[in-house]
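Below you can see the structure in the form of structure tokens.
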């Protein structure tokens, strides 16, 4: 059974016929080529397939594509600026060495992006809780947590005298 | 691809009920975090799905003028955890909500689905048991209110009749006002895990005495349950370590735990005895009692 849906992916409005049996993960990866959306466990445990739906992190493997009607979806491909400049969150992941094989990275960057955009403050324990839906099997979680903390910190600048201060 | 034969979207509760009456084979889907995962594991093949996920009227959390709390069946776990009314009035339910799954699951999984799934490990169930919550079930022939303790019939089996939809949970003011509560989820991991045991305790205290205690347990039997004998004993007892120890021991009597790969029956019984006391200790303080050393 086919159904036509209209939705936005990374700011671009799209309209396409999808099969009602398809997950959002399948549509994003195989129909639209957003291969930054990773397929891990397929049952909502590992978080590799996380995308933002109207700004909220969701496991796209257990989200039917028909449910995307009218929604605005962000994948990792939509996080950096068009000219390739990394987002603050992506930059923090690079600086903290929070990446090894990279399979969990898109999901973690997206969840962290949602946390950063929420404008809320999180304690370290709360951050751990908010990142707990992502499995990383190589870096360990310390650098990821550091990157998330850095992402959520108000921006700092360094002046000539070497002091750090908030802008 | 999921093995789905048909898919319908209901726009209103009455439309959903009408569609269900026409085709009782329809499988209701909301958040999908149980239904779709079961499908991935080979159950519900060639499912004809009826999606109720866009019925916004069923996602509200509100307090009525008489104090009755209404929690829509489609309220998500994130929504419950972040809801100011729940946080203020029934913090134990907020604790239970945030213990379930991980953030992405909580963002989409609904409390109605958690209960209709019928699992003894449902994180929201033990607290709803302790709250004497009732369920509003609507069908073409009308609506009925069922106490949650009567809704569970067996493992994975609930009293949801063909053609019925769970629309909301109700908690009467006398079932939460004046109570202090606490939920403890015991699991091997802090996130993305199924409870080895879930303990929810609500209590009322007056002048160093327990005036009412309610103990809801998950995974201590084939369905969530209440520890009636321990509750009866607790009424009117002076708050002391000894009282708590006796309550913990009596709580085990109401259980019917089993051995699974997660934990043995004996281990679960030990957890019941210990965690009921720990949960009660915190609940006593939240109810205005003094902290036990």
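Chains as they are written, first to last, in our numbering: chain A, 125 to 291; chain B, 414 to 706. Note that CB positions come from ideal geometry on N, CA and C, so glycine has one too.
From B:678, B:647, B:656, residue whose alpha carbon lies closest to that of residue 712 (chain B): The requested residue 712 (chain B) is not part of the displayed model; chain B covers only 414 to 706.
Residues of the segment 506 to 520 of chain B whose Cβ lies closer than 8 Å to any Cβ of chain A, in chain order: So the list reads 511, 514, 515, 516, 517, 518, 520, given in the order they occur along the chain.
Cβ separation of residue 682 (chain B) and residue 698 (chain B), assumed to be a contact under 8 Å, to the nearest whole Å: Actually they are not in contact, since the Cβ atoms of residue 682 (chain B) and residue 698 (chain B) sit about 26 Å apart, beyond 8 Å.
Cα-Cα separation between residue 686 (chain B) and residue 264 (chain A), rounded to whole angstroms: Cα to Cα, the separation comes out at about 36 Å.
Cβ of residue 197 (chain A) within 8 Å of any chain B Cβ: So, not an interface residue.
Boundaries (first-last residue) of the beta strand (DSSP E) holding residue 482 (chain B): It spans 482 to 485 - the beta strand (DSSP E) in which residue 482 (chain B) sits, taken as one unbroken run.
Residue interval of the alpha helix (DSSP H) (run including residue 518 (chain B)): For residue 518 (chain B), the uninterrupted alpha helix (DSSP H) run begins and ends at 516 to 519, by DSSP.
Segment contact flag, the segment 253 to 263 of chain A with the segment 194 to 208 of chain A, C-beta cutoff 8 Å, min 3 pairs: Counting C-beta pairs with one atom in each stretch, the segment 253 to 263 of chain A and the segment 194 to 208 of chain A have fewer than three that are closer than 8 Å, which means they do not touch.
Contiguous beta strand (DSSP E) assignments of at least 3 residues, all confined to the segment 140 to 192 of chain A: Along the length of the segment 140 to 192 of chain A, whole beta strand (DSSP E) runs at least 3 residues long occupy 174 to 177, 180 to 183, reported in chain order.
Secondary structure of residue 637 (chain B), DSSP reduced to three states: Three-state DSSP puts residue 637 (chain B) in coil, outside helix and strand.
Inter-stretch contact at 8 Å, needing at least 3 Cβ pairs: the segment 513 to 531 of chain B / the segment 480 to 498 of chain B: Touching, yes.
Segment limits, beta strand (DSSP E) that includes residue 649 (chain B): Per DSSP, residue 649 (chain B) is not a residue of any beta strand (DSSP E), being assigned neither H nor E.
Chain B residues whose Cβ lies nearer than 8 Å to that of residue 254 (chain A): Chain B residues near residue 254 (chain A): 516.
is_contact[residue 182 (chain A), chain B] using C-beta, thresh 8 Å: At least one CB atom of chain B sits nearer than 8 Å to the CB of residue 182 (chain A).
Chain B contacts from the segment 142 to 162 of chain A (Cβ-Cβ distance under 8 Å): Interface annotation for the segment 142 to 162 of chain A against chain B: 143, 144, 145, 146, 147, 150, criterion Cβ-Cβ distance under 8 Å.
According to DSSP, residues forming a beta bridge with residue 630 (chain B): For residue 630 (chain B), DSSP records a beta bridge to B:612, B:638.
Alpha helix (DSSP H) runs wholly inside the segment 215 to 251 of chain A, at least 4 long, in chain order: Taken in chain order, the complete alpha helix (DSSP H) segments of 4 residues or longer contained in the segment 215 to 251 of chain A are 229 to 242.
Near-chain B residues of the segment 209 to 227 of chain A (beta-carbon distance less than 9 Å), N- to C-terminal order: Listed in sequence order: no entries.
Proximity test, Cβ basis, 8 Å: residue 169 (chain A) and chain B: Residue-level contact check: residue 169 (chain A) touches chain B, since one or more beta carbons of chain B fall below 8 Å from its beta carbon.
Entirely enclosed alpha helix (DSSP H) segments - the segment 492 to 539 of chain B, minimum 4 residues: Counting only runs that start and end inside the segment 492 to 539 of chain B, the alpha helix (DSSP H) elements of at least 4 residues fall at 497 to 502, 504 to 512, 516 to 519, 524 to 529.
Residue of A:141, A:250, A:172, A:132 minimising C-alpha distance to residue 149 (chain A): Among A:141, A:250, A:172, A:132, the Cα nearest to that of residue 149 (chain A) is on A:172.
Buried or exposed (CB count within 10 angstroms, at least 16 for buried), residue 292 (chain A): What is shown of chain A runs 125 to 291, which leaves residue 292 (chain A) out entirely.
Contact list for the segment 591 to 607 of chain B against chain A, Cβ threshold 9 Å: So the list reads 602, 603, 604, 605, given in the order they occur along the chain.
Exposure of residue 663 (chain B), with buried meaning 16 or more beta-carbon neighbours within 10 Å: With 16 or more Cβ atoms within 10 Å of its Cβ, residue 663 (chain B) is classed as buried.
Closest Cα partner of residue 237 (chain A) within the set A:130, A:275, A:128: Nearest of A:130, A:275, A:128 to residue 237 (chain A), Cα basis: A:275.
Terminal residues of the alpha helix (DSSP H) in which residue 695 (chain B) lies: Where residue 695 (chain B) is concerned, the enclosing alpha helix (DSSP H) starts and stops at 678 to 699.
Residue 555 (chain B) (DSSP reduced to helix, strand or coil): In the three-state reduction of the DSSP assignment, residue 555 (chain B) falls in the strand class.
Reduced DSSP secondary structure (H/G/I, E/B, other) of residue 460 (chain B): Judged by DSSP in its simplified three-state form, residue 460 (chain B) adopts strand.
Helix, strand or coil at residue 591 (chain B) [DSSP, three-state]: DSSP places residue 591 (chain B) in coil when its eight states are reduced to three.
Contacting positions in the segment 528 to 562 of chain B - beta carbon closer than 9 Å to chain A: Hits within the stretch: zero.
Inter-residue spacing [alpha-carbon to alpha-carbon] between residue 650 (chain B) and residue 456 (chain B): Roughly 49 Å separates the two Cα atoms.
Proximal residues of chain B, C-beta to C-beta of residue 190 (chain A) below 7 Å: Within 7 Å Cβ-Cβ: 420.
Interface flag, residue 166 (chain A) vs chain B, CB-CB below 8 Å: Chain B, which has a Cβ nearer than 8 Å to the Cβ of residue 166 (chain A), makes this yes.
Identified DSSP bridge partners for residue 560 (chain B): DSSP lists B:547 as the bridge partner or partners of residue 560 (chain B).
Contacting residues, own chain, Cβ-Cβ under 7 Å from residue 592 (chain B) (five flanking each side not counted): Result list for residue 592 (chain B): 615, 616, 617, 700, in chain order.
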